[in-house]
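Each remark here refers to the structure printed beneath this line.
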Amino acid sequence: MQERAARTHRALILAAAEEFDRLGYEGASLARISRGARASMGALTFHFATKSDLAAAVRAAGRESVAPVVRGALGGTRTPLEELAELTFTLVRLLEHDVVARATARLERERAGGGTSLALEWVPALRLLLERAAAAGQLRPGVLPETVAVLLTLLIEGAWTEIGRGRTAGVAPGRVWELVLHGVSGADR
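Below, the structure written as structure tokens:
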């Protein structure tokens, strides 16, 4: 792809993410997206034949934004529970600050079954870190990694929903994580 075409492609994805984040799939307008990208409708339809194709591109870009977060959590030198805390914090911060990831989460809520879930990008890492924590004796006796994985998945997805609705004031992943850590950690706190 030529550089100019690549810039237009990226601009269209960003403008679409902003539109999907703000108005959802049904409320999004291709005309507003093309204006937001400073591209013609012809350029938009050259790159993306349908709104569905554009939404799929936004979702793919959203998944790509999660990949470095997951790699960072798995490649660290901290304890598994510390890495897990960092993964959860970073996932929440990503949604607060990355419109493409936020639009991806909204598209997934609105259009279930329309592609690969964003959670598939980070839930395996979450489960792996919990297994490592269990193997290292970091979990309280009787605490199952699978149960904690479900709890953390629900907490992260719930935070994403609140962020997507524009409600970030009540999202305090640090305080929530401390409560969860106290409940699952085998260490005396």
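Residue numbers (the working numbering): 7 to 195.
Glycine is no exception: its CB is placed at the ideal position from the N, C-alpha and C atoms.
Fair warning: this is a prediction, and the values are worked out from it, not measured in the lab.
*Taking only beta-carbon positions, decide if residue 30 is within less than 8 Å of chain D.*
Reference to chain D is not applicable here, since this structure consists of a single protein chain.
Taking the alpha-carbon positions, what's the residue 98 to residue 166 distance? Taking the straight line from one Cα to the other gives about 7 Å.
Original post:
Under a three-way DSSP split, which group does residue 150 fall into?
Top reply: The answer is coil: DSSP assigns residue 150 none of H, G, I, E or B.
Considering Cα atoms alone, identify which of 47, 15 and 117 is closest to residue 26. The alpha carbon of residue 26 has as its nearest neighbour, out of 47, 15 and 117, the alpha carbon of 117.
| request: Check residue 124 in the structure and name its three-state DSSP category. | output: Residue state, collapsed to three classes: coil.
Cβ-Cβ distance between residue 145 and residue 190 below 8 Å
Yes.
- prompt: Based on Cα-Cα distance, which residue from 157, 112 and 64 lies nearest to residue 169?
  reply: When each option's Cα is compared against that of residue 169, the closest is 112.
Measure the alpha-carbon distance for residue 195 versus residue 81 and round it to whole angstroms. Below a pLDDT of 50, predicted positions are generally treated as unreliable, and residue 195, at 43, falls in that range; the measurement from the model is reported next regardless. So the alpha carbons of these two residues sit roughly 26 Å apart.
- Task: Pull up the CB-CB distance for residue 36 and residue 50, whole angstroms please, since I reckon it's below 8 Å.
- Result: Rounded, the Cβ-Cβ distance is 6 Å, consistent with contact.
Locate the alpha helix (DSSP H) running through residue 16, then write down its first and last residues. Here the alpha helix (DSSP H) through residue 16 covers 9-33.
Count the C-beta pairs between the segment 10-27 and the segment 47-62 that are closer than 8 Å, then say yes if the count reaches three, no if not. Under the Cβ criterion (8 Å, minimum of three pairs), the segment 10-27 counts as touching the segment 47-62.
How long is the line joining the alpha carbons of residue 45 and residue 58, rounded to whole angstroms?
If you take the alpha carbons of residue 45 and residue 58, they lie about 18 Å apart.
DSSP on residue 46, reduced to helix/strand/coil? Residue 46: coil per DSSP, three-state reduction.
Neighbourhood of residue 76 by C-beta distance below 6 Å, restricted to the same chain and skipping five residues each side
Result list for residue 76: 128 and 131, in chain order.
Contact check, residue 107 vs residue 48, beta carbons under 8 Å: No. Outside cutoff.
Note to self: I'd like the list of long-range same chain contacts for residue 159, defined as Cβ closer than 8 Å, with 5 residues on each side in sequence excluded.
What the structure shows: Taking C-beta separations shorter than 8 Å and ignoring five residues to either side along the sequence, the partners of residue 159 in its chain run 125, 129 and 132, following chain order.
Pull the bridge partners of residue 191 from the DSSP assignment, please.
In the DSSP secondary-structure assignment, residue 191 is bridged to 145.
For my contact list, residue 135 and residue 79 are in at a C-beta cut-off of 8 Å; report their separation, rounded to the angstrom.
-> Taking a contact as a CB-CB distance under 8 Å, the pair residue 135 and residue 79 counts as one, their CB atoms being some 7 Å apart.
DSSP on residue 5, reduced to helix/strand/coil? For the chain, the structure presents residues 7 to 195; residue 5 sits outside this window and is missing.
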